[in-house]
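Asks: Starting off with a structure, shown below.
In the numbering used here, the protein residues as written are 285 to 453.
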């Protein structure tokens, strides 16, 4: 359990250091495909859920804030809630569920077909060839997806605020 996780994390850190020193084997074509899978392919679902999240937050906020004639503050509510917490959390949950499951399935089927053992026989470290590119792709794409999620959620909140109350664009 915990021992395996610590060993895995240590090996990943070692291979990351090898990548920084230029000693890691990583195919550019495969890495670009992973960037596309983790970033561009995940953008529609991230945007859809973030848009709906912005709609819901704004709707709940407008209904409550209209009671106090403070519905102008719905923009602050949606903006702060999204950029501080919810945008990153929702993007992380989506990426863990969607991309993480896909990566686990890929590596699991490779392990079942003994392809991981074949990499080891050829002298290629499986962590370096399979895990490091996927981890690096996720590290690079998460901030971009989180930024998109924030913008789309704020846009969704703007639509509700403009439609329901007298808040100007």
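We treat Cβ as the ideally placed atom computed from N, Cα and C, and that holds for glycine.
Which residue wins for smallest C-alpha separation from residue 333, given the options 359, 290 and 378?
Replies: Locating residue 333 in the chain shown gives position 49, counting from the first residue. The option with the nearest alpha carbon to residue 333 is 378.
Asks: To the nearest angstrom, report how far apart residue 293 and residue 408 are at their CA atoms.
Replies: Numbered from 1 along the chain shown, position 9 holds the residue referred to as residue 293. Numbered from 1 along the chain shown, position 124 holds the residue referred to as residue 408. So the alpha carbons of these two residues sit roughly 18 Å apart.
Asks: If you draw a straight line from the alpha carbon of residue 424 to that of residue 350, how long is it in whole angstroms?
Replies: The sequence position of residue 424 within the chain shown is 140, counting from 1. The sequence position of residue 350 within the chain shown is 66, counting from 1. Cα-Cα distance, rounded: 41 Å.
Asks: Taking the C-alpha atoms as reference points, what is the distance between residue 328 and residue 412?
Replies: Counted from its first residue, the chain shown places residue 328 at position 44. Counted from its first residue, the chain shown places residue 412 at position 128. When rounded, the distance between both Cα atoms is 30 Å.
Asks: Taking the straight line between their C-alpha atoms, what separation do you get for residue 452 and residue 370?
Replies: For the purposes of this step, residue 452 is taken as the residue at position 168 of the chain shown. For the purposes of this step, residue 370 is taken as the residue at position 86 of the chain shown. So the two alpha carbons sit approximately 24 Å from each other.
Asks: Going by beta carbon distance, what residues of the same chain come within less than 8 Å of residue 331, once the five residues before and after it are set aside?
Replies: The count along the chain shown starts at 1 and reaches residue 331 at position 47. Hits under 8 Å: 432, 433 and 436.
Asks: Quick check: the stretch 381-390 against the stretch 314-329, are there 3 or more CB pairs under 8 Å?
Replies: yes
Asks: Hey, would you say residue 442 sits closer than 8 Å to residue 375, going by beta carbons?
Replies: Residue numbering aside, residue 442 sits at position 158 when the chain shown is read from its first letter. Residue numbering aside, residue 375 sits at position 91 when the chain shown is read from its first letter. Cβ atoms of residue 442 and residue 375: not closer than 8 Å.
Asks: Taking the beta carbon of residue 366 as the centre, do at least 16 other beta carbons fall within 10 Å, making it buried, or is it exposed?
Replies: Along the chain shown, one-based indexing puts residue 366 at 82. Classification for residue 366: buried.
Asks: How many angstroms separate the CA atom of residue 286 from the CA atom of residue 438?
Replies: Within the chain shown, numbered from 1, the residue matching residue 286 stands at position 2. Within the chain shown, numbered from 1, the residue matching residue 438 stands at position 154. Going from the Cα of residue 286 to the Cα of residue 438 covers about 40 Å.
Asks: DSSP state of residue 450, grouped into three classes?
Replies: What you label residue 450 is simply residue 166 of the chain shown in a count that begins at 1. Here residue 450 sits in coil by DSSP.
Asks: For residue 373, tell me which candidate among 395, 397, 429 and 318 has the shortest Cα-Cα distance.
Replies: Residue 373 sits at position 89 when you count from the first residue of the chain shown. Looking at the Cα atoms, 429 is the closest of the given residues.
Asks: What does the alpha-carbon distance come out to for the pair residue 390 and residue 360?
Replies: Here residue 390 corresponds to residue number 106 of the chain shown, with the count starting at 1. Here residue 360 corresponds to residue number 76 of the chain shown, with the count starting at 1. Answer to the nearest angstrom: the Cα atoms are 42 Å apart.
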